[in-house]
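Numbering (this note's numbering), first residue to last: -8 to 76.
Cβ atoms here follow ideal geometry from the backbone N, Cα and C, with glycine treated the same way.
What you are looking at is a predicted structure, and each value in this text was computed from that prediction instead of being measured.
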């Protein structure tokens, strides 16, 4: 399954680079994202290294989820694809 990185999780003054908002392909409701919580997410860097994370919670009502990665993700990753296993 594929998803696109939409943005970092952020507050008014802070940005959490290890937590990202993901938009999953063909999922448009909050109820369809609930079975995905706990699944593993992998982002591949341009140098072919893998950074792994897990889906922690839903985000909003339009089918987005929040994923927490093991380390920070660079800003160039926004708009790229991740795989969900």
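Alpha carbon of residue i to alpha carbon of residue j, nearest angstrom
i: residue 27; j: residue 13; result: 12 Å
i: residue 43; j: residue 65; result: 14 Å
i: residue 29; j: residue 73; result: 15 Å
i: residue 75; j: residue 1; result: 22 Å
i: residue -8; j: residue 52; result: 20 Å
i: residue 35; j: residue -5; result: 12 Å
i: residue 49; j: residue -3; result: 14 Å
Which residues DSSP lists as bridging residue i, in chain order
i: residue 45; result: 31, 59
i: residue 6; result: 1
i: residue 40; result: Paired residue(s): none; residue 40 is not in a bridge.
i: residue 74; result: -7, 33
i: residue 64; result: Answer is none; residue 64 lacks a bridge partner.
Per-residue DSSP class, three states only, for residue i
i: residue 25; result: helix
i: residue 14; result: strand
Anticipated Cβ contact below 8 Å, residue i with residue j, distance rounded
i: residue 78; j: residue 40; result: This structure cannot settle anything about residue 78, because the visible part of the chain is limited to -8 through 76.
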